[in-house]
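Heads up: take any position in the sequence shown, counting from 1, add 2, and you land on this note's numbering.
These notes concern the structure reproduced below.
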Amino acid sequence: MKYTSKSTKDWLKTKKWRVLEWSSHSPDLNPIEMLWGDLKRAVHAINPSNISQVKEFCIEEWGPLTPPTLRVNVSTTNGNAYPVNDTIVSLHCDAGGQNVVNYTFYQNGVTACSQPYVTCDKDFLYFQPITMSDTGTYTCKIENPISSNTSQPLSLTVIERVSGVVLNSNASSWPLWAGKASVRLTCSALGTNVTFSWHLDGAPLPTNPRYHLMNSNSSLIISPVERTDNGSFTCTASNSVNSETSSPLTLSLGWSPDKDILCEANPTGQNVTLLCSWEGGNPSANVTLEFKNINETRHDTVSKTVLKTNVITNDSLSCRGSQYEQQSCKLLLARPIADVPNPDTSVEEGKSATMTVNLISNKRRADSPQILPTTFTWINPHNQTLSNGDTYKINSSDYSSELVIFSPKVNDSGTYQCAAENFMGKSTFVFTLRVQQGPPSPPPKPPNPLSAGAIAGIVIGSLAGVALIGTAVFFIVKSTKKKHRNRSSGNAQMTMSGVADKNQENEEYVKYADLRFKNANPGNKAPVQQVAETEYSTVKK
Numbered sequence: 003m004k005y006t007s008k009s010t011k012d013w014l015k016t017k018k019w020r021v022l023e024w025s026s027h028s029p030d031l032n033p034i035e036m037l038w039g040d041l042k043r044a045v046h047a048i049n050p051s052n053i054s055q056v057k058e059f060c061i062e063e064w065g066p067l068t069p070p071t072l073r074v075n076v077s078t079t080n081g082n083a084y085p086v087n088d089t090i091v092s093l094h095c096d097a098g099g100q101n102v103v104n105y106t107f108y109q110n111g112v113t114a115c116s117q118p119y120v121t122c123d124k125d126f127l128y129f130q131p132i133t134m135s136d137t138g139t140y141t142c143k144i145e146n147p148i149s150s151n152t153s154q155p156l157s158l159t160v161i162e163r164v165s166g167v168v169l170n171s172n173a174s175s176w177p178l179w180a181g182k183a184s185v186r187l188t189c190s191a192l193g194t195n196v197t198f199s200w201h202l203d204g205a206p207l208p209t210n211p212r213y214h215l216m217n218s219n220s221s222l223i224i225s226p227v228e229r230t231d232n233g234s235f236t237c238t239a240s241n242s243v244n245s246e247t248s249s250p251l252t253l254s255l256g257w258s259p260d261k262d263i264l265c266e267a268n269p270t271g272q273n274v275t276l277l278c279s280w281e282g283g284n285p286s287a288n289v290t291l292e293f294k295n296i297n298e299t300r301h302d303t304v305s306k307t308v309l310k311t312n313v314i315t316n317d318s319l320s321c322r323g324s325q326y327e328q329q330s331c332k333l334l335l336a337r338p339i340a341d342v343p344n345p346d347t348s349v350e351e352g353k354s355a356t357m358t359v360n361l362i363s364n365k366r367r368a369d370s371p372q373i374l375p376t377t378f379t380w381i382n383p384h385n386q387t388l389s390n391g392d393t394y395k396i397n398s399s400d401y402s403s404e405l406v407i408f409s410p411k412v413n414d415s416g417t418y419q420c421a422a423e424n425f426m427g428k429s430t431f432v433f434t435l436r437v438q439q440g441p442p443s444p445p446p447k448p449p450n451p452l453s454a455g456a457i458a459g460i461v462i463g464s465l466a467g468v469a470l471i472g473t474a475v476f477f478i479v480k481s482t483k484k485k486h487r488n489r490s491s492g493n494a495q496m497t498m499s500g501v502a503d504k505n506q507e508n509e510e511y512v513k514y515a516d517l518r519f520k521n522a523n524p525g526n527k528a529p530v531q532q533v534a535e536t537e538y539s540t541v542k543k
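Rendered as structure tokens:
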């Protein structure tokens with residue numbers, strides 16, 4: 003509430019009169035009346051003639067303060083809610099409309115507005131710009147003439163952008179030998195809350211049991227290194243503000259050649275090309291060729307052409323290679339020499355026979371040199387060159403040959419020859435094959451065309467036949483006895499001895515017929531009528 007009189011106001015300013023607060027002479031008096039009465043008395047005491055011109059008085063009410071709220075104002079670009087180093091950031095001490103006279107900001111309990119790049123303006127604090135050293139705990143304090151209060155602490159973390167990404171290796175010597183050496187790659191960067199990722203030749207690092215990420219992915223251990231690691235490695239450092247990728251790092255890898263050192267001698271017309279080769283290594287191997295008075299060194303391969311007439315039997319070509327390790331070889335220039343442990347072979351007719359030739363180096367050489375590649379030709383006892391077919395099979399390489407004869411006959415016996423030839427000469431190896439006739443084979447069993455039902459029918463039919471035979475015998479015997487009785491009655495003059503002999507003969511015949519009948523049906527499966535013994539007894543009467 004204000005009452006204004008300009009002349010009185012100016013006069014009060016001239017007299018430097020200022021009402022700061024009032025005091026009560028009596029608790030029953032109205033504060034406004036007290037203030038107005040005090041003001042009149044003061045004006046009257048100073049200048050009684052102007053008391054009527056005092057028309058203005060001011061009343062300000064001061065109450066107890068509640069805690070303010072301290073907030074940070076940052077840009078939320080890329081979702082980042084934290085202040086970023088070297089950017090403009092402000093803090094706001096929000097008193098919520100309370101009547102505040104003074105605002106004070108503190109960092110870790112110390113006044114925060116003392117730095118030259120920090121500006122405090124009433125309820126705002128400005129960092130122009132904020133730095134990493136401004137990370138800390140902040141509070142703000144508000145005051146009026148009768149009270150003060152402080153905000154809750156605000157933890158302020160300043161984020162530093164990712165920068166200075168560097169990729170290093172701990173390799174102390176180069177090259178790193180594939181399959182033997184290990185290496186550690188380390189990625190370093192400036193920044194806050196940095197994470198690391200790795201790439202090989204621009205693609206994400208593949209999953210490999212030889213790759214081991216350590217120290218929150220800031221280190222990569224490769225154990226052991228292999229040829230596939232011969233690419234460009236990079237690491238990327240990132241946080242919520244930005245990302246940065248290192249310069250590529252390429253490992254200097256070394257590996258030995260895939261194959262052993264090679265010694266060769268290749269004839270071409272009247273010349274022979276001598277060759278020493280050890281290719282495929284990284285770095286290239288140093289290869290040295292030595293032949294008689296020739297000594298020459300080159301990378302990977304070295305060759306020399308000489309006249310064939312300058313090459314004589316048992317000359318040798320020497321090759322030496324030097325890289326991570328050293329290798330050497332020696333080639334013997336001589337006609338084929340072979341070891342034939344079993345020149346004589348004996349087999350039974352129908353069983354396979356095998357003859358083998360294995361070339362060897364000159365056994366007189368202690369260093370066991372390599373030998374020249376050789377071609378093989380097999381010849382049978384009829385002086386015919388053999389080849390693969392239904393009867394023969396030949397398996398040959400540059401240094402060995404095998405002849406297999408399937409199911410040989412007796413007429414395949416004889417002398418077989420194997421001719422082995424290289425450009426230094428030809429050698430012939432002789433084999434003797436003896437094919438013996440084996441025991442005769444048992445005749446094959448005839449097939450059984452009858453089924454089980456047919457066999458059962460034959461058995462039943464046989465039994466029925468036996469029954470018919472028994473019936474026929476019965477009637478024959480009976481007819482014979484009848485004739486015998488007629489003959490006895492018609493020849494009464496026959497002597498008793500003759501009759502007795504005849505009766506005995508008939509009786510034995512009947513018994514024989516009865517015995518044959520019983521044996522013909524041992525199981526009595528088809529019962530037939532048996533002849534009663536009383537019928538045979540009439541013969542005796």
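We put the CB at the ideal spot given by N, CA and C, even for glycine.
Query raised in the report: Who are the Cβ neighbours of Asn244 in its own chain at under 7 Å, not counting the five residues just before and after it?
Result: For the purposes of this step, residue 244 is taken as residue 242 along the sequence shown, with counting starting at 1. Hits under 7 Å: Arg163 and Val164.
Query raised in the report: Where Thr379 and Gly352 are concerned, what is the direct C-alpha to C-alpha distance, given to the nearest angstrom?
Result: Along the sequence shown, one-based indexing puts residue 379 at 377. Along the sequence shown, one-based indexing puts residue 352 at 350. Cα to Cα, the separation comes out at about 25 Å.
Query - Contact set for Asp231: own chain, Cβ-Cβ below 7 Å, skip 5 residues either direction - result: The residue labelled residue 231 in the question sits at position 229 within the sequence shown. Within the same chain, Asp231 has close Cβ partners Ile224, Leu253 and Leu255.
Query raised in the report: Quick one: is Pro345 buried, meaning 16 or more other Cβ sit within 10 Å of its Cβ, or exposed?
Result: The sequence position of residue 345 within the sequence shown is 343, counting from 1. Label assigned to Pro345: exposed.
Query - Cutoff 6 Å; reference Thr236; Cβ partners in own chain excluding five residues on either side - result: Translated into positions along the sequence shown, residue 236 becomes position 234. His201, Thr247, Ser248 and Pro250, listed in sequence order.
Report task. State yes or no: is the C-beta of Glu185 within less than 7 Å of the C-beta of Ser171? Result -> Against the sequence shown, residue 185 aligns to sequence position 183. Against the sequence shown, residue 171 aligns to sequence position 169. Here residue 185 turns out to be Val, not Glu, going by the sequence shown. Taking 7 Å as the Cβ cut-off, Val185 and Ser171 qualify as a contacting pair.
Query raised in the report: Per DSSP, what kind of secondary structure is Lys143 in: helix, strand or coil?
Result: In the sequence shown, counting from the first residue as 1, residue 143 sits at position 141. Strand at Lys143.
Query - Nonlocal neighbours in the same chain, by C-beta distance under 8 Å from Leu67, ignoring five residues either side - result: By one-based count along the sequence shown, residue 67 stands at place 65. Contacts found: Ala97, Gln100, Val102, Ile144, Glu145, Asn146, Ser149, Ser150 and Asn151.
Requested in this report: Give the secondary structure of Asp203 by DSSP, where H, G and I count as helix, E and B as strand, and everything else as coil.
Outcome: Counted from its first residue, the sequence shown places residue 203 at position 201. Reduced to three states, the DSSP call for Asp203 is coil.
Report task. Tell me, please, whether the segment 428-439 touches the segment 399-415 by the rule of three or more beta-carbon pairs shorter than 8 Å. Result -> yes
Query raised in the report: Which same chain residues, not among the five before or five after Arg300, have their C-beta less than 7 Å away from its C-beta?
Result: Counting from 1 along the sequence shown, the entry for residue 300 is found at position 298. Only Val289 meet the Cβ criterion.
**Report entry** Runs of alpha helix (DSSP H) lying entirely within the segment 388-417, each at least 4 residues, in chain order
**Finding:** As far as the segment 388-417 is concerned, it has no whole alpha helix (DSSP H) run of at least 4 residues.
Query raised in the report: Rounded to a whole number of angstroms, what is the C-alpha to C-alpha distance between Val56 and Cys142?
Result: Position 54 of the sequence shown holds residue 56. Position 140 of the sequence shown holds residue 142. With a pLDDT of only 48 at Val56, under 50, the local geometry of the prediction cannot be trusted, and no value is derived from it.
**Report entry** Candidates Ala267, Cys95, Cys331 and Thr303, of which the one nearest Ile314 by Cα
**Finding:** What you label residue 314 is simply residue 312 of the sequence shown in a count that begins at 1. Checked all of Ala267, Cys95, Cys331 and Thr303; the closest Cα to Ile314 is Ala267.
Requested in this report: Measure how close the beta-carbons of Leu158 and Asp136 come, nearest whole angstrom, since I'm counting them as under 8 Å.
Outcome: The sequence position of residue 158 within the sequence shown is 156, counting from 1. The sequence position of residue 136 within the sequence shown is 134, counting from 1. With a Cβ gap of about 7 Å, Leu158 and Asp136 count as contacting.
Query raised in the report: So, Tyr394 versus Ile381, is the Cβ gap smaller than 7 Å?
Result: Stepping through the sequence shown from its first residue, residue 394 is reached at position 392. Stepping through the sequence shown from its first residue, residue 381 is reached at position 379. No, Cβ-Cβ distance for Tyr394 and Ile381 is not below 7 Å.
Query - Counted within 10 angstroms of its Cβ, other Cβ atoms place Ser174 as buried (16 or more) or exposed - result: Here residue 174 refers to the residue found at position 172 of the sequence shown. Classification of Ser174: exposed, given that the 10 Å Cβ count is below 16.
Query raised in the report: Using a Cβ-Cβ cut-off of 6 Å (strictly less than) and excluding sequence neighbours within five positions of Ser370, which residues of its own chain qualify?
Result: Along the sequence shown, read from residue 1 onward, the residue named residue 370 stands at position 368. Excluding residues within five positions, the ones whose Cβ falls inside 6 Å are Ser363.
Query raised in the report: For Gln328, which option in Glu404, Pro259, Thr194 and Ser220 has the closest C-alpha, if you only look at C-alpha atoms?
Result: Locating residue 328 in the sequence shown gives position 326, where the first residue counts as 1. It is Pro259 whose Cα lies nearest to the Cα of Gln328.
**Report entry** Which of helix, strand or coil DSSP assigns to Ser258
**Finding:** Counting from one through the sequence shown, the residue named residue 258 turns up at place 256. Ser258 falls in the coil class under three-state DSSP.
Report task. Please go through the same chain and pick out, in chain order, the residues whose beta-carbon is closer than 7 Å to the beta-carbon of Gly166, but skip the five residues on each side of it. Result -> Stepping through the sequence shown from its first residue, residue 166 is reached at position 164. Here the set comprises Ala191 and Leu192.
Query raised in the report: Would you say Ile296 and Lys306 are within 7 Å of each other, going by their C-beta atoms?
Result: Position 294 of the sequence shown holds residue 296. Position 304 of the sequence shown holds residue 306. Yes. Within cutoff.
Report task. Under 6 Å Cβ to Cβ from Glu350, same chain only, skipping five residues before and after it: list those, please. Result -> Taking the first residue of the sequence shown as 1, we reach residue 350 at position 348. Once the five neighbours on either side are set aside, the close Cβ partners of Glu350 are Gln438 and Gly440.
Query raised in the report: In chain order, what residues of the same chain lie with their CB nearer than 6 Å to the CB of Tyr511, ignoring the 5 residues before and after it?
Result: Position 509 of the sequence shown, counted from the start, is the residue given in the question as residue 511. Caution is warranted here: a pLDDT of 43 is assigned to Tyr511, below 50, making its placement in the model unreliable, and the coordinate value is therefore given only provisionally. Taken in chain order, the list of residues that qualify is empty.
Report task. Give every residue of the same chain whose Cβ lies closer than 8 Å to the Cβ of Pro285, excluding the five residues on either side of it in the sequence, and list them in chain order. Result -> Indexing the sequence shown from 1 puts residue 285 at position 283. These residues qualify, in order along the chain: Pro177, Gly256 and Gln325.
Report task. Tell me, to the nearest whole angstrom, how far the beta carbon of Thr188 is from that of Ser221; I am working on the premise that it is less than 8 Å. Result -> Locating residue 188 in the sequence shown gives position 186, where the first residue counts as 1. Locating residue 221 in the sequence shown gives position 219, where the first residue counts as 1. Their Cβ separation, rounded to whole angstroms, is 5 Å, which keeps Thr188 and Ser221 in contact under 8 Å.
Query raised in the report: Roughly how many angstroms lie between the CA atoms of Phe126 and Val112, to the nearest whole one?
Result: Within the sequence shown, numbered from 1, the residue matching residue 126 stands at position 124. Within the sequence shown, numbered from 1, the residue matching residue 112 stands at position 110. Those two C-alpha atoms are separated by around 17 Å.
Requested in this report: Check whether the Cβ atoms of Ala183 and Val227 lie closer than 7 Å to each other.
Outcome: For the purposes of this step, residue 183 is taken as residue 181 along the sequence shown, with counting starting at 1. For the purposes of this step, residue 227 is taken as residue 225 along the sequence shown, with counting starting at 1. Contact: yes.
**Report entry** Alpha carbon of Ser415 to alpha carbon of Lys428, nearest angstrom
**Finding:** Residue 415 sits at position 413 when you count from the first residue of the sequence shown. Residue 428 sits at position 426 when you count from the first residue of the sequence shown. One C-alpha to the other measures close to 25 Å.
Query raised in the report: Between Asn385 and Asn360, what straight-line distance do the alpha-carbon atoms span, to the nearest angstrom?
Result: Here residue 385 refers to the residue found at position 383 of the sequence shown. Here residue 360 refers to the residue found at position 358 of the sequence shown. Those two C-alpha atoms are separated by around 22 Å.
Requested in this report: Enumerate in chain order the residues of its own chain whose CB-to-CB distance from His214 is below 6 Å, with the five nearest sequence positions on each side excluded.
Outcome: Along the sequence shown, one-based indexing puts residue 214 at 212. Around His214: Ile223.
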